[in-house]
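Numbering (the numbering used here), first residue to last: 2 to 87.
Cβ coordinates follow ideal geometry from the N, Cα and C atoms, glycine included.
Just so we're clear, the structure is a prediction, and the values are computed from it rather than from any experiment.
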């Protein structure tokens, strides 16, 4: 990871795109409730990841931010799989 700033941008853009896709899915009234649940989960993931990025007193910063990046990838794949099931 090049910088904390880029990690924050990655989190914002990735989860923002997922929420954008859910907004499009919500146009179908039959899928609106399920898409709203995915949006809520994406917001929870965003809040959790940003709290971890902004945590103070981390001993090994490189491994900490690498773990956050990996968690972002896993969470994003999970959310996309849920969207695809809709």
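Q) Hey, is the stretch 68–82 in contact with the stretch 46–55, meaning 3+ C-beta pairs nearer than 8 Å? A) yes
**Q.** Proximal residues to residue 65 (C-beta, below 6 Å), its chain only, five neighbours per side dropped
**A.** As a first step, residue 65 is located in the chain shown; it is residue number 64 there, counting from the start. For residue 65, same chain residues with a beta-carbon under 6 Å away, outside a window of 5 residues either side, are 59 in chain order.
Q | Residues of its chain near residue 30, where Cβ-Cβ distance is below 8 Å and the 5 sequence neighbours each way are ignored | A | Here the question's residue 30 lines up with position 29 in the chain shown. There are no such residues.
Q: Mark residue 40 as exposed unless 16 or more other C-beta atoms lie within 10 angstroms of its C-beta, in which case mark it buried.
A: Within the chain shown, numbered from 1, the residue matching residue 40 stands at position 39. With 16 or more Cβ atoms within 10 Å of its Cβ, residue 40 is classed as buried.
Q: Taking the CB atoms as reference points, tell me whether residue 84 and residue 46 lie closer together than 9 Å.
A: Translated into positions along the chain shown, residue 84 becomes position 83. Translated into positions along the chain shown, residue 46 becomes position 45. Going by C-beta atoms, residue 84 is not nearer than 9 Å to residue 46.
Q) When the Cα atoms are used, what is the spatial distance from residue 20 to residue 6? A) Residue numbering aside, residue 20 sits at position 19 when the chain shown is read from its first letter. Residue numbering aside, residue 6 sits at position 5 when the chain shown is read from its first letter. In a straight line, the C-alpha of residue 20 is about 21 Å away from that of residue 6.
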